[in-house]
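Colleague: This is the structure I have questions about; it appears just below.
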Amino acid sequence: MNIMTEKALESAVSDKMSGTPNEIIKMRGNKVGVFYGEKQALFDVDLDVRENQVTALIGPSGCGKSTFLRCLNRMNDTIDSARVTGKITLDNEDIYDKNIDVVELRARVGMVFQKPNPFPKSIYENVAYGPRIHGLAKKKSDMDHVVETSLKKAGLFNEVKDRLLEPGTGLSGGQQQRLCIARAIAVSPEVILMDEPCSALDPIATARVEELIDELRQNYTIVIVTHSMQQAARVSQRTAMFHLGYLVEEGATDKMFTNPDDKRTQDYITGRFG
Amino acid sequence: MSLMLVFALVFVIGAVAFFIGRQRAAAHDNGKVKPHSRAHYHGWWAFLLATLPALLLLAIWSIGSSVYLNSHINGQLPAQTAESAIASRTLAASLTKSLANGLRKLEPEAANNLPATFTELQPMLAARGVALAPDTQDYMIPIAVDANRTQDTMQLIGGVLVLALAVAGAVFGLSKIKVRARARNNVERLILWGLLGASTIAILTTVGIVLSMLFQSINFFERVPFFSFFFGTVWDPRFAAAGAGESAGQFGLIPLLAGTLYIALVAMLVAVPVGLMSAVYMAEYASPKVRAVVKPALELLAGIPTIVYGIFALVTLGPFLRDLSAALAGGTSFIQAQSILTAGLVMGVMLIPVVSSLSDDIITAVPRAMRDGSLGLGATRSETIRKVILPAALPGIVGAILLTASRAIGETMIVVLAAGVAANLTLNPFEAMTTITVKIVNQLTGDLEFNSPQTLVAFALGITLFFLTLIMNIFALYIVRKYREQYE
Ligand SMILES: Nc1ncnc2c1ncn2[C@@H]1O[C@H](COP(=O)(O)OP(=O)(O)OP(=O)(O)O)[C@@H](O)[C@H]1O
Ligand SMILES: [Mg+2]
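Protein chains in written order, with UniProt numbering: chain A, 1 to 274; chain B, 1 to 488.
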């Protein structure tokens, strides 16, 4: 009940916003294609990511969701065989331009992975890692502050405040994932990419992360890959449906889930796919 | 019946048992009851029952009959007389045995009418390519002939017994085949025992080596005090004085230990940084194509025998460093042709592939998720390596370095050729020094009696070295174990 009303409210808000000129496009993909060696995994994807909204990428396994997500902060550069074509912009700047520094880009577009991957360091050092690399905190007290606020934003602080110096790998799966979110937030990114962030979590931890995503939307732009239709419906304002490397359709979440244009979307959402 | 033939026949019986067993078990499977084990397990079990006990008996019989034959020959030898041409009874027995072996090479017809004296027999045997000691005596000929005859009977009886046992085993195994018989478990258990046996061999050998060295070392410490060996600073074994009694020489371990550690240290100073950096390059930066060439090339380097490195040090690097130092100092060279530096450098080069290939495996074992996590936060590659990958891989790398260090400590040939054999105690890396292993070789290659301290010291040195490397290896394993799960 509660969720429904909230969602109705959100969709009302987004409906009102869509089409209005002050809705800002944070990132824009233009004819994005990706090759792994000879094999093309993504074809001509045109997709906009709007500021301070959650964009969900859905679609059957292997359709290229992760591939597209990884293009947005050029993580595909780390795969030797991968090659990206087309154009992707962040604030109207081409991120594949020669003048763009990948390191800087990734500080602006952070990433949370499918499997929680805390470093084998203390909880504190995990969160402090990014700020330290980018020199965001000069003094120890500044760093303490950054770590604390990041952990608070990730909803983890109360659980770990007495054991900040213990290894991050000793946390539970759900806590580890929130630690990774805190780690991503700590560098103050503008966009946060999340690849199935809840797939390794139980329902309670999932609910916490979903809540968190909703709160983070105030300050960040979020792109999330998910296999859970309920999750997409609950947390996102916009949804993009992928199939076999193509973008099938994209639109306001509410509309996608009630009245999609494409039959494949309809089938996938209702679980009648393939 | 020759050993080989019996052996082959046992296997033939085993093979037959296997096929019959498999077929029978398959025939038993009528589809009503689910068989416990698949048909080939029954076959294998029948095979093992047929072959293993039979082979065991064969082994026991062979050993037993050769013992029996020995005492048989011994009993027939005439009593030792003072004027006997041969020093001892054991020697006479072994001469008889080689004579008996030689007789087997003769044609049957020649063997049937043997000459009575060895002087006549010798050319006949020599024509068949058998060379015998000249002090073989005439009286040995009938004994040898008799020994051969006894041996033949023994082999025949043994062969028949073994084959009978093989057949019995096969029949027994085949009779046990039922639908629910647990052949699979039996086979698996035997495999387990086989594997266990294989690993025990390595352990037992180690224990044997340690014990044999330990006894000789105790022997040594009865002659030379414990304290003056472990804390002595002078190495002067006085080969010339060996056996002369009062002055046994000085056996101070310190110069050798110092040399060993010093040369190993120089080697590690070369090998660790270079090896680590090349490992990082290969694991993190090299494209698959480069990696496919560089990694095998480096590993090839690890396969070069150390003596080749030693020769390089002796004829090329050593003289080069000496001449270089002479040129630098204007005339007098301050680096000797054989020096710690030369040995350390060459040994270091030898160890580079060891360090790099071990570390490369360890670095690539760090999960990709760690790299992605760091790169995804906007860290550069080198930051990722320094701050995430190397710390995560550190325990493994430390383990690899310690393993390498024990190789450096155990190395001999390079040191002999590059640093010499003089047991000095010095801190100057440009002078010659030597190591424990070199001295072990040195002490054992003289033609001294085996119970002089000059020789026995080699065992004391050996056991010291053994414990030195053992402790390092245990420490390495401990570190690797302790921190291994960290990123999992
Ligand atoms: N590193 C790679 N090398 C080669 N092919 C790859 C690689 N990564 C992905 N692919 C291929 O690209 C296609 C899209 O993969 P991608 O991981 O983007 O799918 P996905 O939509 O994220 O699937 P899932 O929901 O299962 O995570 C797949 O066919 C996959 O096999
Ligand atoms: Mg994926």
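All C-beta atoms in this analysis are idealised placements derived from N, C-alpha and C, irrespective of residue type, glycine included.
Here the structure is a predicted model, which is why all the values come from computation and not from measurement.
Can you list the residues of chain B that ILE123(A) reaches, using a CB-CB cut of under 9 Å?
Modeller: Sequence index remark: in the first sequence, residue 123(A) carries index 123 (1-based). Residues of chain B passing the Cβ test: none, with the nearest at roughly 14 Å.
Colleague: Among LEU3(B), GLY31(B), THR384(B) and ALA267(B), which has the Cα closest to the Cα of MET347(B)?
Modeller: To locate residue 347(B), count along the second sequence from 1; it is residue 347. Looking at the Cα atoms, ALA267(B) is the closest of the given residues.
Colleague: Residues of the segment 367 to 399 of chain B in Cβ contact with chain A at a cutoff of 8 Å, in chain order, please.
Modeller: Listed by position along the chain: PRO367, ALA369, MET370, ARG371, ASP372, GLY373, SER374, LEU375, GLY376, LEU377, GLY378, ALA379, THR380, GLU383, LYS387, VAL388, PRO391 and ALA392.
Colleague: Is there contact between the segment 435 to 443 of chain B and the segment 251 to 267 of chain B, where contact requires at least three CB pairs shorter than 8 Å?
Modeller: Touching, yes, given that three or more Cβ pairs across the two stretches are closer than 8 Å.
Colleague: Please report the straight-line C-alpha distance between TYR246(A) and VAL366(B), rounded to a whole angstrom.
Modeller: The residue you call residue 246(A) lines up with position 246 of the first sequence. The residue you call residue 366(B) lines up with position 366 of the second sequence. Those two C-alpha atoms are separated by around 34 Å.
Colleague: Assign ASP101(A) to buried or exposed, taking buried as 16 or more other Cβ atoms, counted over all protein chains shown, within 10 Å of its Cβ.
Modeller: As a first step, residue 101(A) is located in the first sequence; it is residue number 101 there, counting from the start. Its Cβ having fewer than 16 others within 10 Å, ASP101(A) is exposed.
Colleague: For ligand 1, is there a heavy atom less than 8 Å away from the beta-carbon of ALA82(A)?
Modeller: What you label residue 82(A) is simply residue 82 of the first sequence in a count that begins at 1. Yes, Cβ of ALA82(A) sits closer than 8 Å to a heavy atom of ligand 1.
Colleague: Less than 8 Å between the CB of SER228(A) and some heavy atom of ligand 1, yes or no?
Modeller: Position 228 of the first sequence, counted from the start, is the residue given in the question as residue 228(A). Not under cutoff, so the answer is no.
Colleague: Have a look at ARG481(B) and SER228(A) and give me their C-alpha separation to the nearest angstrom.
Modeller: To locate residue 481(B), count along the second sequence from 1; it is residue 481. To locate residue 228(A), count along the first sequence from 1; it is residue 228. C-alpha separation (whole angstroms): 40 Å.
Colleague: Considering only residues of the same chain and omitting the five flanking positions on each side of VAL210(B), which have a CB-CB separation below 8 Å?
Modeller: Taking the second sequence and counting its residues from 1, one reaches residue 210(B) at position 210. Cβ within range, chain order: ILE463 and PHE466.
Colleague: Would ASN372(B) be called buried (16 or more neighbouring beta carbons within 10 Å of its own) or exposed?
Modeller: To locate residue 372(B), count along the second sequence from 1; it is residue 372. Here the sequence assigns Asp to residue 372(B), which means Asn is not the residue at that position. So ASP372(B) counts as buried.
Colleague: Taking 8 Å as the cut-off, is the C-beta of ASP372(B) nearer than that to any heavy atom in ligand 2?
Modeller: The count along the second sequence starts at 1 and reaches residue 372(B) at position 372. Checking every heavy atom of ligand 2 against the Cβ of ASP372(B), none is found closer than 8 Å.
Colleague: Can you find a C-beta in chain B that's less than 9 Å from the C-beta of TYR129(A)?
Modeller: Residue 129(A) sits at position 129 when you count from the first residue of the first sequence. By this cut-off, TYR129(A) is an interface position.
Colleague: Counting only Cβ pairs nearer than 8 Å, list the residues of chain B close to PRO197(A).
Modeller: Here residue 197(A) is taken as the residue at index 197 of the first sequence, counted from 1. In chain order: nothing, as chain B lies at least about 13 Å away.
Colleague: Please report the distance separating the alpha-carbon of ALA240(A) from that of ASP48(A).
Modeller: Looking up residue 240(A) in the first sequence gives position 240. Looking up residue 48(A) in the first sequence gives position 48. One C-alpha to the other measures close to 10 Å.
Colleague: Excluding five sequence neighbours on each side, which residues of the same chain lie with their C-beta closer than 8 Å to the C-beta of VAL33(B)?
Modeller: If you number the second sequence from 1, residue 33(B) lands on position 33. Around VAL33(B): VAL179 and ARG180.
Colleague: From the beta carbon of HIS243(A), is the nearest beta carbon of chain B less than 9 Å away?
Modeller: Looking up residue 243(A) in the first sequence gives position 243. It does not: the Cβ of HIS243(A) has no partner Cβ on chain B nearer than 9 Å.
Colleague: Between which residues of its own chain and ALA54(B) is the CB-CB distance below 6 Å, once the five residues before and five after are set aside?
Modeller: Within the second sequence, the letter at position 54 stands for residue 54(B). Excluding sequence neighbours, ALA54(B) sits near VAL10, VAL162, LEU165 and ALA166.
Colleague: Opposite PHE242(A) in the DSSP bridges: which residues?
Modeller: The residue labelled residue 242(A) in the question sits at position 242 within the first sequence. Its beta-bridge partners are LEU247(A).
Colleague: Leaving out the 5 sequence neighbours to the left and right, which residues in its chain are closer than 7 Å to ASN259(A) when beta-carbon positions are compared?
Modeller: Residue 259(A) sits at position 259 when you count from the first residue of the first sequence. Contacts found: none.
Colleague: Skipping 5 residues on each side, what residues in its chain have a beta carbon closer than 7 Å to that of SER18(A)?
Modeller: Counting from 1 along the first sequence, the entry for residue 18(A) is found at position 18. Model confidence at SER18(A) stands at a pLDDT of 47, short of 50, so the residue's coordinates are unreliable; what they give is reported in the following sentence. Closer than 7 Å at the Cβ level, and outside the excluded window around SER18(A), lie ALA252.
Colleague: Output yes if chain B places a C-beta closer than 9 Å to the C-beta of ALA205(A); else output no.
Modeller: The residue given as residue 205(A) occupies position 205 in the first sequence. Output row for ALA205(A): interface = no.
Colleague: Contact check, GLY135(A) vs ALA184(A) under 8 Å by CB: the rounded distance?
Modeller: Residue 135(A) sits at position 135 when you count from the first residue of the first sequence. Residue 184(A) sits at position 184 when you count from the first residue of the first sequence. With a Cβ gap of about 18 Å, GLY135(A) and ALA184(A) do not count as contacting.
Colleague: Nearest CA to the CA of LYS115(A): which residue from LYS98(A), GLN230(A), ARG178(A) and LEU212(A)?
Modeller: On the first sequence, position 115 is the one that residue 115(A) refers to. Nearest of LYS98(A), GLN230(A), ARG178(A) and LEU212(A) to LYS115(A), Cα basis: ARG178(A).
Colleague: Just the C-alpha distance for SER374(B) and PRO305(B), rounded to the nearest angstrom, thanks.
Modeller: As a first step, residue 374(B) is located in the second sequence; it is residue number 374 there, counting from the start. As a first step, residue 305(B) is located in the second sequence; it is residue number 305 there, counting from the start. Approximately 42 Å, taken between the alpha carbons.
Colleague: What residues of chain C sit near MET111(A), judged by a beta carbon separation below 7 Å?
Modeller: No chain C appears in the structure shown, which is made up of the protein chains A and B.
Colleague: Pairs of beta-carbons, one from the segment 141 to 158 of chain B and one from the segment 92 to 100 of chain B, closer than 8 Å: are there three or more?
Modeller: With a cut-off of 8 Å, the segment 92 to 100 of chain B and the segment 141 to 158 of chain B count as touching, because enough Cβ pairs lie within range.
Colleague: Relative to ligand 1, is the shortest distance from any of its heavy atoms to the C-beta of SER406(B) smaller than 8 Å?
Modeller: As a position in the second sequence, residue 406(B) is number 406, starting the count at 1. No, Cβ of SER406(B) sits at least 8 Å from all heavy atoms of ligand 1.
Colleague: Cα separation between ASP162(A) and ILE123(A)?
Modeller: Locating residue 162(A) in the first sequence gives position 162, counting from the first residue. Locating residue 123(A) in the first sequence gives position 123, counting from the first residue. The straight-line gap from Cα to Cα measures roughly 11 Å.
Colleague: Say yes only if the C-beta of VAL32(A) is nearer than 8 Å to one or more non-hydrogen atoms of ligand 2, and no if none qualify.
Modeller: Locating residue 32(A) in the first sequence gives position 32, where the first residue counts as 1. Because no heavy atom of ligand 2 lies under 8 Å away, the Cβ of VAL32(A) does not count as near it: no.
Colleague: Residues of chain A with CB under 8 Å from SER287(B), in chain order?
Modeller: Within the second sequence, the letter at position 287 stands for residue 287(B). The answer, in chain order, is ASP80.
Colleague: What residue range does the alpha helix (DSSP H) around ARG50(A) cover?
Modeller: Along the first sequence, read from residue 1 onward, the residue named residue 50(A) stands at position 50. From DSSP, ARG50(A) is part of no alpha helix (DSSP H) but of the beta strand (DSSP E) over 39 to 50.
Colleague: Could you tell me whether any non-hydrogen atom of ligand 2 is closer than 8 Å to the CB of LEU87(A)?
Modeller: For this step, residue 87(A) is matched to residue 87 along the first sequence. One detail in the question is off: residue 87(A) reads as Lys in this sequence, not Leu. Checking the Cβ of LYS87(A) against ligand 2 gives no.
Colleague: Run through chain B and tell me which residues come within less than 9 Å of VAL187(A), C-beta to C-beta.
Modeller: Position 187 of the first sequence, counting from 1, holds the residue named residue 187(A). The contacting residues are LEU377 and GLY378.
Colleague: Any heavy atom of ligand 2 inside 8 Å of the beta-carbon of GLN114(A)?
Modeller: Position 114 of the first sequence, counted from the first residue, corresponds to residue 114(A). Yes, the Cβ of GLN114(A) comes within 8 Å of a heavy atom of ligand 2.
Colleague: Got a sec: is the Cβ-Cβ distance from ARG183(A) to anything in chain B below 9 Å?
Modeller: As a working mapping, residue 183(A) is identified with position 183 in the first sequence. It does; some Cβ of chain B falls within 9 Å.
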